[in-house]
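Take a look at the structure below.
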């Protein structure tokens, strides 16, 4: 799988920089480029379209305010922005518990994250997404499901336990071991991760 | 350090599900325990790396416009011309603007392309560990009904890049970053695969070549270049003819 050099990240970073200094075209392009991923994650976690839109808008504004903290050497803009989105969504859900169980929604989420997407996005985003999915596919199916539910679905370990009908301890073990395996794979540079 | 917290708490924190006193207590422990800190960092990094797998979902119509309106000041309202664009308006407190990131210059340099000159080349080499001479251009995302088309220039923002027969093929906008005045060049027309030299012409007639760019099929093709005070931007084909130009 092709590597993701830092130079490719810089194109996204240039848009973020342009948005930070108030460039209207850069801001518009930035929002359009990332809105599908941001709204998708917000919806996956909140399972409420109205709340997801609020979360997505807040995440974009937070990104604009925090543009100065972005470090192109540490992560891609996509990862950085999705981390902001996830934190915002988790906070929003925490204040609104309980969220809808959304069994069908979670079923769809698990299905969608198990195969390569057909993204109308830039090549670098497609590569980054395909890489993340490829890493998930290297886990056992049980681990992958637990990780997807916990990370992208925003589920607590208890919610993963209830949904998967497994003991809480088993759910935590699957999530933790899955994350450790993912980290090991990324650190080892499998599937062409470029940290340099 | 004795009495490590239960590993489940570190996992919960990495997933964002720890709050209140439990989170505070764990934070205290982490500040002095390298082993637990390393565990948290490992799990958090894995969480971040997985996020890109999220299925994309288009937001409701009007989403982008709502976001842009929430920026302070709304980016729709920024005066489109002049080298001061992007700087805080007179009388507006500096703190209301986002901090201009230190990597602005690096990011700009990374999309400068060939022949950018010493400043851009050095910034690229020091900050990004090297980059190809011809950069992959930035590309636009999807469009929602009722929202501005990202493949088309926004109204009254920037000068239009036109070919000799008057066809609009993009825009050039002035911007500003830590590296100083910048130009944002967005190309919406042209044939993918074609390569053009970007030449800036100053008021005194001097010319400066700032990059050689290859058009991607993904639109718009966007680049940011340091602005030495250009009056005209020209895109020159390999044959030496001016394909399109914009008067700033």
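Residue numbers (our numbering), protein chains in the order written: chain U, 1 to 196; chain A, 1001 to 1248. Cβ atoms here follow ideal geometry from the backbone N, Cα and C, with glycine treated the same way.
Handout entry: Where residue 1221(A) falls, given that 16 or more other Cβ within 10 Å makes a residue buried
Key = The sequence position of residue 1221(A) within the second chain is 221, counting from 1. Classification of residue 1221(A): buried, given that the 10 Å Cβ count is 16 or more.
Problem - N- and C-terminal bounds of the alpha helix (DSSP H) containing residue 111(U) - result: Sequence index remark: in the first chain, residue 111(U) carries index 111 (1-based). Segment 103-112, the alpha helix (DSSP H) holding residue 111(U).
Exercise for the section: Look at the alpha carbon of residue 1174(A) and the alpha carbon of residue 1244(A), and state the distance between them as a whole number of angstroms. Expected result: To locate residue 1174(A), count along the second chain from 1; it is residue 174. To locate residue 1244(A), count along the second chain from 1; it is residue 244. Roughly 18 Å separates the two Cα atoms.
Exercise for the section: Could you please give the first and the last residue of the uninterrupted alpha helix (DSSP H) stretch that includes residue 163(U)? Expected result: As a first step, residue 163(U) must be located in the first chain, where it is residue number 163. Counting along the chain, the alpha helix (DSSP H) containing residue 163(U) begins and ends at 157-164.
Problem - Outcome for residue 1081(A) when other beta-carbon atoms lying within 10 angstroms are tallied against a minimum of 16 - result: Along the second chain, one-based indexing puts residue 1081(A) at 81. Because the pLDDT at residue 1081(A) is just 32, under 50, the model does not fix this residue reliably, and the value given afterwards should be weighed accordingly. Exposed.
Exercise for the section: Classify residue 1034(A) as buried or exposed, calling it buried when 16 or more other Cβ atoms lie within 10 Å of its own Cβ. Expected result: Along the second chain, read from residue 1 onward, the residue named residue 1034(A) stands at position 34. The residue in question, residue 1034(A), is exposed, as its Cβ has fewer than 16 Cβ neighbours within 10 Å.
Handout entry: Pairwise C-alpha distance: residue 1225(A) and residue 1086(A)
Key = Here residue 1086(A) refers to the residue found at position 86 when the second chain is read from its first residue. Here residue 1225(A) refers to the residue found at position 225 when the second chain is read from its first residue. Residue confidence for residue 1086(A) is low, a pLDDT of 33 falling below 50, so the modelled location carries little weight and cannot support an answer.
Exercise for the section: Would you please verify whether the beta carbon of residue 1066(A) is less than 8 Å from any beta carbon of chain U? Expected result: For the purposes of this step, residue 1066(A) is taken as residue 66 along the second chain, with counting starting at 1. By this cut-off, residue 1066(A) is an interface position.
Exercise for the section: Determine whether the Cβ of residue 132(U) lies closer than 8 Å to any Cβ atom of chain A. Expected result: Residue 132(U) sits at position 132 when you count from the first residue of the first chain. With 8 Å as the cut-off, residue 132(U) counts as an interface residue toward chain A.
Problem - Interface partners of residue 40(U) on chain A, CB under 8 Å - result: Position 40 of the first chain, counting from 1, holds the residue named residue 40(U). Residues of chain A passing the Cβ test: 1054, 1055, 1056, 1057.
Problem - residue 188(U) versus residue 1042(A) - alpha carbon distance - result: Sequence index remark: in the first chain, residue 188(U) carries index 188 (1-based). Sequence index remark: in the second chain, residue 1042(A) carries index 42 (1-based). Computed Cα separation, rounded: 13 Å.
Practice task
Determine the contact status of residue 36(U) and residue 1048(A), defining contact as a CB-CB distance below 8 Å.
Solution key: The residue labelled residue 36(U) in the question sits at position 36 within the first chain. The residue labelled residue 1048(A) in the question sits at position 48 within the second chain. Their beta carbons are not under 8 Å apart, which means residue 36(U) does not touch residue 1048(A) by this criterion.
Practice task
Can you have a look at residue 1007(A) and say buried or exposed, based on whether 16 or more other CB atoms are within 10 angstroms of its CB?
Solution key: The sequence position of residue 1007(A) within the second chain is 7, counting from 1. Label assigned to residue 1007(A): exposed.
Problem - Interface residues of chain A facing residue 88(U) [CB-CB closer than 7 Å] - result: Here residue 88(U) refers to the residue found at position 88 when the first chain is read from its first residue. Those within 7 Å of residue 88(U) in chain A number zero; the least Cβ separation is about 10 Å.
Exercise for the section: Check whether the Cβ of residue 23(U) lies closer than 8 Å to any Cβ atom in chain A. Expected result: In the first chain, residue 23(U) corresponds to position 23, counting from 1. So, interface residue.
Handout entry: Cβ neighbour criterion (16 or more within 10 Å) applied to residue 1231(A)
Key = Taking the first residue of the second chain as 1, we reach residue 1231(A) at position 231. Exposed: under 16 other Cβ atoms inside 10 Å.
Handout entry: Member of 19(U), 110(U), 171(U) whose CA lies at the smallest distance from the CA of residue 68(U)
Key = Indexing the first chain from 1 puts residue 68(U) at position 68. Nearest of 19(U), 110(U), 171(U) to residue 68(U), Cα basis: 19(U).
Problem - Residues bridged to residue 1165(A) [DSSP beta-bridge criterion] - result: Taking the second chain and counting its residues from 1, the one referred to as residue 1165(A) is at position 165. In the DSSP output, where bridge partners are listed per residue, residue 1165(A) has none listed.
Practice task
Indicate whether at least one CB of chain A lies closer than 8 Å to the CB of residue 112(U).
Solution key: In the first chain, the residue the question calls residue 112(U) occupies position 112. By this cut-off, residue 112(U) is an interface position.
Problem - Beta-ladder partner(s) of residue 1207(A), from DSSP - result: Locating residue 1207(A) in the second chain gives position 207, counting from the first residue. The partner list for residue 1207(A) (beta bridge, DSSP) reads 1201(A).
Exercise for the section: Please classify residue 72(U): does DSSP put it in a helix, a strand, or coil? Expected result: Position 72 of the first chain, counted from the first residue, corresponds to residue 72(U). It is coil, neither helix nor strand.
Exercise for the section: Return the residue from the list 103(U), 183(U), 155(U), 184(U) that minimises the CA-CA distance to residue 1017(A). Expected result: The residue you call residue 1017(A) lines up with position 17 of the second chain. Answer by Cα proximity: 155(U).
Problem - Test: residue 1244(A) CB closer than 8 Å to a CB of chain U - result: Here the question's residue 1244(A) lines up with position 244 in the second chain. It does not; no Cβ of chain U falls within 8 Å.
Problem - Outcome for residue 1249(A) when other beta-carbon atoms lying within 10 angstroms are tallied against a minimum of 16 - result: Only positions 1001 to 1248 of chain A appear in this structure, which leaves residue 1249(A) out of reach.
Handout entry: Alpha carbon of residue 52(U) to alpha carbon of residue 91(U), nearest angstrom
Key = In the first chain, residue 52(U) corresponds to position 52, counting from 1. In the first chain, residue 91(U) corresponds to position 91, counting from 1. In a straight line, the C-alpha of residue 52(U) is about 12 Å away from that of residue 91(U).
Exercise for the section: Identify the continuous beta strand (DSSP E) that holds residue 1235(A) and give its terminal residues. Expected result: Translated into positions along the second chain, residue 1235(A) becomes position 235. Unbroken beta strand (DSSP E) run through residue 1235(A): 1230-1237.
Problem - Proximal chain U residues relative to residue 1028(A), where beta-carbon distance stays under 7 Å - result: Stepping through the second chain from its first residue, residue 1028(A) is reached at position 28. Chain U residues near residue 1028(A): none, gap ~21 Å exceeds 7 Å.
Exercise for the section: Give a yes or no on contact between the region 157-166 of chain U and the region 44-59 of chain U, applying the rule of three or more CB pairs nearer than 8 Å. Expected result: no
Handout entry: Bounding residues of the alpha helix (DSSP H) (the contiguous stretch that carries residue 1221(A))
Key = The count along the second chain starts at 1 and reaches residue 1221(A) at position 221. Unbroken run through residue 1221(A) is the beta strand (DSSP E), 1221-1226; no alpha helix (DSSP H).
Handout entry: Under 7 Å from the C-beta of residue 156(U): neighbouring residues of chain A
Key = The residue labelled residue 156(U) in the question sits at position 156 within the first chain. Within 7 Å Cβ-Cβ: 1017.
Handout entry: Cα-Cα separation, residue 106(U) to residue 44(U)
Key = Position 106 of the first chain, counting from 1, holds the residue named residue 106(U). Position 44 of the first chain, counting from 1, holds the residue named residue 44(U). In a straight line, the C-alpha of residue 106(U) is about 8 Å away from that of residue 44(U).
Practice task
Note down the Cα distance separating residue 150(U) from residue 1030(A), rounded to an integer number of angstroms.
Solution key: Taking the first chain and counting its residues from 1, one reaches residue 150(U) at position 150. Taking the second chain and counting its residues from 1, one reaches residue 1030(A) at position 30. Looking at the two C-alpha atoms, the distance is approximately 22 Å.
Handout entry: Chain-ordered chain A contacts of residue 83(U) [CB-CB under 7 Å]
Key = Your numbering for residue 83(U) matches position 83 in the first chain. Chain A residues near residue 83(U): 1048, 1051.
Handout entry: Given residue 70(U) as reference, the closest of 81(U), 61(U), 31(U) once Cα atoms are compared
Key = Mapped onto the first chain, residue 70(U) falls at position 70. Among 81(U), 61(U), 31(U), the Cα nearest to that of residue 70(U) is on 81(U).
Exercise for the section: List the residues of chain A that residue 79(U) touches, going by C-beta distances under 8 Å, in chain order. Expected result: Numbered from its first residue, the first chain carries residue 79(U) at position 79. Those within 8 Å of residue 79(U) in chain A are 1048, 1049, 1051, 1052.
Exercise for the section: Measure the CB-CB distance between residue 1210(A) and residue 1188(A) and report whether it falls below 8 Å. Expected result: One-based indexing of the second chain puts residue 1210(A) at position 210. One-based indexing of the second chain puts residue 1188(A) at position 188. Not closer than 8 Å, so no.
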